[in-house]
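Reading through the structure tokens given below for one structure.
2 protein chains.
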Amino acid sequence: MARVVVDVMLKPEILDPQGQAVQRALPRLGFEGIADVRQGKRFELEVAGPVDDAALARIHEMAETFLANTVIEDFIVKVESEKAEKAEESK
Amino acid sequence: MARVVVDVMLKPEILDPQGQAVQRALPRLGFEGIADVRQGKRFELEVAGPVDDAALARIHEMAETFLANTVIEDFIVKVESEKAEKAEESK
Chain Z
1 MARVVVDVML KPEILDPQGQ AVQRALPRLG FEGIADVRQG KRFELEVAGP VDDAALARIH
61 EMAETFLANT VIEDFIVKVE SEKAEKAEES K
Chain D
92 MARVVVDVML KPEILDPQGQ AVQRALPRLG FEGIADVRQG KRFELEVAGP VDDAALARIH
152 EMAETFLANT VIEDFIVKVE SEKAEKAEES K
């Protein structure tokens, strides 16, 4: 079973109050040096069957019509193998 | 300015009603073949200054104490160059 990740983030020109709230809280908590924070959504889809071009095209359409609001949000579709995911885990 | 990404996902053993709602909606919308969906959060941090081991250790601590609830959530810290981000964009 392959994992496909869809990252949905507000477009750069759209105000992100959630991210701003996080950024403003950081110095109070002792974390300096973070110039900006943007908060978005991450969807991990477990795809049954092969992740070929047709499947990716369908997932792209799904992200565009359902997972993201493309008026205010950008999205990125990434194929992520289980092994790469494990290697990346910092904890 | 370097970008560091913190992905926060519910632990696998924790029920994810948001992800389930998405997964159940997909067949109704004509998207078949997605076995599971998990929804999480993605934080994009713009770091002022070099992203060295000390900075990453601080971001790791920040993620652990503030961005994620480690009782129910796992997190991954990734350094993402601006160029890699652009190459990955599907749209």
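Protein sequence lines, in the order shown, are assigned to chains Z and D.
For the first sequence, this note's numbering begins at 1 and goes up steadily by one.
For the second sequence, this note's numbering begins at 92 and goes up steadily by one.
Idealized CB from N, CA, C, for every residue including glycine.
Closer than 9 Å to the CB of lysine 102 of chain D there is not a single CB belonging to chain Z. Fewer than three pairs of CB atoms, one per stretch, sit closer than 8 Å, so the region 51-63 of chain Z makes no contact with the region 17-32 of chain Z. Non-local C-beta neighbours of lysine 102 of chain D in its own chain, meaning closer than 7 Å and more than five positions away in sequence, comprise Ile163, Glu164, Asp165, ordered along the chain. Closest in alpha carbon position to isoleucine 76 of chain Z, among Z:Thr65, Z:His60, Z:Asn69, Z:Phe66, is Z:His60. By the Cβ criterion, the region 32-49 of chain Z is in contact with the region 120-137 of chain D, since at least three pairs of Cβ atoms, one from each stretch, lie closer than 8 Å.
Secondary-structure assignment with DSSP links leucine 10 of chain Z through a beta bridge to Z:Glu73. In this structure, the straight-line span from the alpha carbon of arginine 94 of chain D to that of leucine 147 of chain D is close to 11 Å. Contact of alanine 139 of chain D with chain Z by beta-carbon distance below 8 Å involves Gly33, Ile34, Ala35. For aspartate 144 of chain D, the enclosing alpha helix (DSSP H) covers residues 144-153. For the pair leucine 117 of chain D and valine 5 of chain Z, the Cα-to-Cα distance works out to about 16 Å. Per DSSP, glycine 110 of chain D is one residue of the alpha helix (DSSP H) stretching across 108-119. Nearest Cα to serine 172 of chain D within the set D:Val113, D:Val138, D:Glu123, D:Ala159: D:Val138.
Where alanine 35 of chain Z is concerned, the enclosing beta strand (DSSP E) starts and stops at 34-47. Residues of chain Z whose Cβ lies closer than 9 Å to the Cβ of glutamine 111 of chain D do not exist; the shortest such Cβ separation is about 12 Å. Taking C-beta atoms as the reference points, phenylalanine 31 of chain Z and methionine 153 of chain D count as a pair closer than 9 Å.
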